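S.K.:
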Amino acid sequence: MSEPYFWWTEDQREIAKKVEKFVEENFTAAEEYYWKKEFPWDLVKKVAKEGYFGVGIPKEYGGMELGATGSCIVAEQLGRLYSVGHVFVVSMLAGLEQILRYATDEQKEKWLPQLAKGEELGAVCITEPFAGSDAANVMTTAEKDGDEWIINGKKRYITGAGVSDRYFIYAKTSDDPSDTKQYSHLTSFLVEKGTPGFSLERINPLIGFENVPNGYLSFEDVRIPDENRIGPVGKGWNVMMAGLNFERLIAGAVFVGTLKDIIRLLFHYTRRRVQFRRQTNRLQGNQEKIAEIISRYRMGRIFSYYCAKELDDGKEPMINAAIAKMEVSEWVREAGEKAIQVMGGDGLTKFYYAERLMREGKIGEIVAGTTEIQKLIIYRFASMLPDYNASVRMRWNEEVNAPVVSKVDSQFKDLELTDENLLKVIAHDYKVNPGLYMTLDDARDDIGGSRSKTKRVIESLEEQGLVVTHRDRGGNIELVKATYKGLQKAFPKEYYEWYPDWYADTDKF
Ligand SMILES: Cc1cc2nc3c(=O)[nH]c(=O)nc-3n(C[C@H](O)[C@H](O)[C@H](O)COP(=O)(O)OP(=O)(O)OC[C@H]3O[C@@H](n4cnc5c(N)ncnc54)[C@H](O)[C@@H]3O)c2cc1C
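Each residue of the sequence shown is one higher than the one before, starting from 77 at the first, in this note's numbering.
1) Tell me whether W574 sits in a helix, a strand or coil according to DSSP, three-state version.
2) Using C-beta distances below 6 angstroms, list every residue in its chain close to A92, excluding the 5 sequence neighbours before and after it, in chain order.
3) Return yes when the Cβ of L433 is within less than 8 angstroms of the Cβ of G412, no when it is not.
4) Using a Cβ-Cβ cut-off of 7 angstroms (strictly less than) and excluding sequence neighbours within five positions of P205, which residues of its own chain qualify?
5) So what's P189 in DSSP terms, helix, strand or just coil?
6) Since T447 is in the alpha helix (DSSP H), which residue starts that stretch and which ends it?
7) Taking the alpha carbon of K121 as the reference point, which residue from A398, R324, A106 has its own alpha carbon closest?
8) From what residue to what residue does the alpha helix (DSSP H) around V267 run?
9) I want to know whether the region 265-278 touches the region 330-349 - three or more CB-CB distances under 8 angstroms.
10) Please work out which residues of its chain come closer than 8 angstroms, Cβ to Cβ, to R547, disregarding the five sequence neighbours upstream and downstream, and give them in chain order.
11) DSSP three-state call for A594: helix, strand or coil?
12) Here's a check: name, in chain order, each residue in its chain whose Cβ is nearer than 8 angstroms to the Cβ of T530, leaving out the five neighbours to either side.
13) Ignore the nearest five residues each way along the sequence and tell me which others in N321's own chain have a CB closer than 7 angstroms to its CB.
14) Ligand 1 and S209: does any heavy atom of the ligand fall closer than 7 angstroms to the residue's C-beta?
15) From R377 to A329, what does the alpha carbon distance come to, in whole angstroms?
16) Between the Cα of G525 and those of K561, K451, I502, L491, spot the shortest distance and give me the residue it belongs to.
17) Roughly how many angstroms lie between the CA atoms of K97 and T334, to the nearest whole one?
18) Which same chain residues end up closer than 6 angstroms to E296 when comparing Cβ atoms and leaving out the 5 residues on each side of it in sequence?
19) Please give the ranges of any alpha helix (DSSP H) in the region 134-218, keeping only runs that are unbroken, at least 4 residues long and fully inside the region.
20) Would you mind sorting T216 into buried or exposed? The rule is 16 or more other CB atoms within 10 Å of its CB.
21) Could you tell me if the beta carbon of E448 falls within a distance shorter than 7 angstroms of some heavy atom in ligand 2?
22) Who does M514 pair with in a DSSP beta bridge?
23) Report the rounded CA-to-CA distance for A415 versus I133, giving the unit in angstroms.
24) Can you tell which of Q450, R469, N280, S209 has the C-alpha that lies nearest to the C-alpha of L293?
25) Just to confirm before moving on: does the CB-CB distance between I227 and A218 stay below 8 angstroms?
26) Excluding the five sequence neighbours on either side, which residues of its own chain have a C-beta within less than 8 angstroms of the C-beta of K426, listed in chain order?
27) Check whether the region 359-371 touches the region 309-326, counting contact only when three or more Cβ pairs, one atom from each stretch, lie closer than 8 angstroms.
28) Can you list, in chain order, the residues of its chain with a C-beta nearer than 6 angstroms to that of R299? Leave out the 5 residues immediately preceding and following it.
29) If you check the beta carbons only, do N290 and E114 fall under 8 angstroms apart?
30) Would you identify the three-state DSSP class for I339, choosing helix, strand or coil?
31) If you draw a straight line from the alpha carbon of V95 to that of K184, how long is it in whole angstroms?
32) Any idea if K561 is buried or exposed, counting beta-carbon neighbours within 10 angstroms, 16 or more meaning buried?
33) In three-state DSSP terms, what is D223?
34) Quick one: complete alpha helix (DSSP H) runs, 4+ long, within the region 364-445?
35) Does the beta-carbon of L276, which I'm using as the reference point, lie nearer than 7 angstroms to any heavy atom of ligand 1?
36) Would you mind reading off the limits of the beta strand (DSSP E) that contains Y292?
Okay, here's the thing in structure tokens:
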């Protein structure tokens, strides 16, 4: 039984037990479907009957109301049933958060009970032939015609294409460049299978997702009623963003359970394989690889559930959801590679699911935003955190004769703000950080005085060739550094010298 975390509610613990038991009972059937390359309709129907599709849906709409944590619990387990897990995930992602946050009451009453029942699967349709990571660049259009919208375009790489009934799409509703600039050119809609002009164009043969349909969709003058529009016109980007943290979290969580299956397989296998008269689980190299997989499984699992708790507490964990998705998928691919190595040639055969894990992990690194895109998000949002931007200014510490991170005021503080004194501040910074520029604010803090006057003095020093500046696109000074001429003028050359104690005086010149 997978470990429940101490913050889980009784209901979440209960569902965890129930869904794990369900998965154990249906594991062999899922493997049979995998081998037959058949979509597991009857397993999906069983999942629907258990009510798992409604795990995150409020009770008033027929769901279990177990939040992101409940959704993670179910995804973690159903992911072990391979295609069942993937269609479960996209079906939830195809509208749950978006409808909860943006739909009208009537729309919620219409769609949420359907989602909860899981009798009809859903697909989420962002990607197009010419819009992948650049998701705002979709070319599919929606034009208003009376009470209807006419959709034209294509979508691709859509998981659940064909088998789904409900397609949550994003289409362009404005060509105005200022709308595009403000991300208000998109609108989201639900398109149902069977609508005239809406068809399946292609099913992709992929390196994994063996019996998970993934394909291209075509929209030719597809007419849908305005009541299928989710959220205001022009707010499609906001609707898409509203579900993204949940999407990233679940996209990682669906792989977490497979990590435990691979650990089980490796313990089982290496106890039964003998080389050099020893079971291969006795070999230190194999133990290390299994230990690495175990640590990744445990870290990925707890981090995913921590992130789910943040979502359930009403936070928007942009950074953590991106980390969860990125790390788990990378670790799954790595675990697959390690498992193959531990098993040798057997690991390369398709009879054991080590090689499958490696392929699926690779897919995980691309879907729901590639690893590179997650890194962009992590960097961008983390770079705005005040906690990460606390100053680490260094001062020259005479006692240890070295630059040390320090909170003390600069030795130049309260000198008059003149060309000569500011040049000293900037030249002194060369002694402390020879390769770095100072920010305008660093320079101003060190001497005191107004920002505008500091700027004027820097401009004057620049005209004299004593400092160089780095400016933003608007021409404003961002950074400043002394030129070699400025260094010479500010202090004698001995000021900048520094040698370690062991360095012989005879070797100095
Ligand atoms: C199996 C599978 C299932 C999928 N399911 C769905 C689905 O259900 N619904 C859906 O809408 N989409 C789905 N997708 C699409 C998926 O979200 C996209 O494939 C993904 O977002 C990347 O887009 P792309 O493939 O066009 O690659 P591109 O965007 O062309 O990227 C190519 C490479 O360039 C890198 N790159 C791109 N832009 C940047 C940047 N700014 N900085 C740094 N690197 C960058 C990428 O990281 C990548 O390595 C699925 C894809 C697959 C393979």
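Cβ atoms here follow ideal geometry from the backbone N, Cα and C, with glycine treated the same way. From a predicted model like this one, the values you see are computed outputs, not experimental measurements.
M.R.: With the given structure in hand:
1) coil
2) P80, I149
3) yes
4) K230, R232
5) helix
6) 447-458
7) A106
8) Element bounds for V267: not the alpha helix (DSSP H) but the beta strand (DSSP E), 262-268.
9) no
10) I553, E554
11) As shown, the chain starts at 77 and ends at 585. That puts residue 594 outside it, with no answer to give.
12) L493, L498, L516, A519, R520, I523
13) L387, E392, P393, M394, A397
14) yes
15) 7 angstroms
16) L491
17) 15 angstroms
18) G273
19) 143-154, 159-169, 172-178, 181-193
20) buried
21) Ligands in the displayed structure: ligand 1; ligand 2 is not one of them.
22) V556
23) 37 angstroms
24) N280
25) yes
26) R432
27) no
28) E224, I226
29) no
30) helix
31) 26 angstroms
32) exposed
33) coil
34) 394-419, 421-424, 430-440
35) no
36) 290-301
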